[in-house]
Amino acid sequence: MFVLGTAGHIDHGKSALVCALTGIDPDRLRQEKERGMTLDLGFAWLKLPGGGEVGIVDVPGHERLIKNMVAGVGGIDLALLIVDASEGVMPQTREHLAILDLLGVDRGLAVITKKDLVDDEWLKLVEGEVEKLLSSTSLCRAPILAVSAVTGEGLPSLVSAIDQMVSSAPPKRDVGRPRLPIDRVFTMSGSGTVVTGTLVDGSLAVGQEVEIAPRGLRSRIRGLQTHKTRLTTVLPGNRVGANLVGIAKSQIERGDVLTSPGWLLATTMLIVELHLISYLARPLRHGATVSFHTGTAQAMAKVRLLEGMELKPGETGLAHLSLSKPVALVRGDRFIIRSPEETLGGGGVVESRARRYRRFPAGGIESLRLKARGGAAEVVMSVLGTGGALELPTLRSRSDLSAAELEPALESLVDQGRVVEVGGGGSRALFTAAGWSRLVEKVVGTLGQYHREFPARLGIPRAELGSRLKMSARHQVVLQRLLDEGVIVEDAGLVRLPAHQVKLSPAQQVKVDAFLSALEVSPYAPSRELIPEPDLLNLLV
């Protein structure tokens with residue numbers, strides 16, 4: 004299942020087109036019908052000739068309702084950019100397209116509506132204007148079609164184009180971490196609270212225990228619906244209505260996320276890669292306060308730029324955002340920032356749980372860039388850095404990767420020799436190859452120093468070596484790996500280098516010889532003054 008979203012200027016015929024395609028009026032509110040304009044999100048669905056269905060989210064076009072528009076298109080797969088043939092490109096046409104571009108929506112159609120109101124010559128001019136507008140955006144390859152919702156002209160071609168686009172789209176990913184950004188909450192008579200949204204990253208099932216983030220509320224799914232059809236399981240990509248047990252409507256609002264319990268943490272500080280829209284009149288300055296939108300959530304944010312004191316229109320840079328309230332999101336989520344008057348820019352989340360703002364050294368900036376633009380393997384390498392070991396749960400938390408994403412990346416990195424995995428099960432420790440090499444050098448160097456300090460000792464006890472290396476929490480699995488590889492040797496609980504041999508000084512040799520001679524004379528009661536120190540005595544045992 005895929006979800007299609009409309010976009011475009013007010014009164015350009017978005018809702019009328021949805022109604023003409025589906026027979027469903029997306030304007031569900033009384034005020035919308037009285038005023039003849041869309042105020043909030045509307046929903047419909049379209050049965051396609053190929054046998055599938057596509058969910059539709061209809062968004063308002065008024066400039067004062069952009070926050071509702073952003074909430075609607077945050078989870079869409081395809082876009083219909085609507086342009087009135089009689090008016091051409093208008094301000095919210097540009098702004099809505101910029102938002103789609105910033106959110107990374109790269110599949111869609113440009114639809115010129117009301118073609119019955121203009122002649123062919125004018126229509127060609129509008130088509131050229133739309134083509135030029137799309138040329139530098141993520142929708143640069145979008146086909147342009149002209150239709151009339153009144154006469155029906157062009158609608159069959161539009162449905163066919165949607166069907167073809169849906170059938171050629173890649174399947175939705177299921178990484179076992181379901182998220183339903185909530186866009187509506189209402190009470191159904193006899194059933195209780197219902198939340199709706201577009202499901203991503205995982206599936207939901209009737210009877211499943213769920214959590215409402217960031218509120219930490221727990222519930223159970225009583226029922227699921229997609230397009231008024233009751234289901235027991237819903238896969239990612241569907242528009243979903245979930246009937247919840249034991250939660251009141253007043254406890255949930257748009258922007259919350261329904262998910263499986265225990266993994267999705269809310270944040271108020273994050274690091275992002277931010278792109279500023281090119282047509283803005285002025286730069287974004289360090290310390291600016293903006294409105295932050297992701298999924299269906301909205302919060303105020305303070306922007307602290309990490310690579311300068313301002314970001315010019317058309318530029319991209321890293322930034323630290325401090326949010327006015329907790330928002331549930333993960334690495335890679337797309338977002339938009341706005342001023343009270345206009346959309347400023349957007350981008351992707353690099354770190355969802357950042358520390359308090361601080362200036363990063365050059366190496367830290369490069370690491371963040373790698374996390375921003377790389378795949379799962381690059382994210383793992385960036386999180387591991389060149390330092391010590393990380394255990395698997397810590398790596399998963401810091402990387403924001405699901406098990407379905409993390410495990411294949413780790414397997415590939417281990418096969419390539421870029422990551423070293425030590426131990427197994429709950430005691431798995433992970434190093435970069437460089438970090439592991441440094442640790443091996445440290446172990447060998449520490450043992451060498453110990454042998455020089457105590458040449459008469461066979462080796463060092465494991466616990467003492469772990470203490471000297473300051474890695475007591477995981478030294479057992481590390482030492483076992485080095486023992487297995489023959490880097491170190493263990494005899495009678497003492498660890499040593501393979502080439503180490505006990506060496507006695509001349510004075511120590513004299514003591515040993517004297518003690519052995521005394522034992523020959525009096526094997527059971529040698530003179531106390533002839534008994535050597537413990538290190539020498541241990542050699543004779």
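As numbered in our numbering, residues 4 to 544 make up the sequence shown, in order.
The C-beta atom is built at its ideal place from N, Cα and C for all residues, glycine as well.
As the structure is a prediction and not an experimental result, all values here were calculated from the model.
For residue 184, the three-state secondary structure derived from DSSP is strand.
Among the bridge pairs identified by DSSP, residue 245 is matched with 198 and 227. Residue 200 holds the alpha-carbon nearest to the alpha-carbon of residue 262 among 200, 315 and 27. For residue 16 and residue 337, the gap between their C-alpha atoms comes out near 27 Å. One alpha carbon belongs to residue 81, the other to residue 372, and they sit about 28 Å apart. Residue 88 is positioned such that its CB atom lies closer than 7 Å to that of residue 129.
Look at residue 4 here: in three-state DSSP terms it is coil, with no helix or strand label.
DSSP places residue 377 outside both helix and strand once states are collapsed to three, so it counts as coil.
By the criterion of at least three beta-carbon pairs nearer than 8 Å, the segment 150-167 is not in contact with the segment 196-215. Here residue 299 is not near residue 23, since their CB atoms are 7 Å or more apart. The C-alpha of residue 277 is placed about 5 Å away from the C-alpha of residue 349. Annotated three-state conformation of residue 175 is coil, per DSSP. Taking C-alpha positions only, residue 385 is separated from residue 26 by approximately 51 Å.
Looking at the DSSP output, residue 361 sits in no beta bridge, so it has no partner there. Note on residue 435: 16 or more other CB atoms within 10 angstroms of its CB, so buried under the neighbour-count rule. Apart from sequence neighbours up to five positions away, the residues of its chain that approach residue 134 with a beta-carbon distance below 7 Å are 147, ordered along the chain. Leaving aside the five residues that flank residue 329 on each side, the residues in its chain whose CB is nearer than 7 Å to its CB run, in chain order, 217, 269, 270 and 271. When DSSP states are grouped into helix, strand and coil, residue 48 belongs to the strand group. The beta carbon of residue 182 is closer than 6 Å to those of 203, 204, 260 and 262 in its chain, skipping five residues each way along the sequence. Taking C-alpha positions only, residue 406 is separated from residue 177 by approximately 11 Å. By the neighbour-count definition (other C-beta atoms within 10 Å, threshold 16), residue 411 is an exposed residue.
With distances taken between CA atoms, residue 317 lies nearest to 286 out of 286, 66, 352 and 309. In the DSSP secondary-structure assignment, residue 305 is bridged to 292 and 325. Contact between the segment 96-112 and the segment 138-152 is established, with three or more Cβ pairs separated by less than 8 Å. Inclusion of residue 229 and residue 209 in the CB contact set at 7 Å is not warranted, their separation being larger than that value.
With respect to residue 245, residue 227 sits close: the two C-beta atoms are nearer than 7 Å. Distance between residue 471 and residue 481, taken at the CA atoms: about 14 Å.
Distance check between residue 122 and each of 105, 90 and 98 places 90 closest, using alpha-carbon atoms only.
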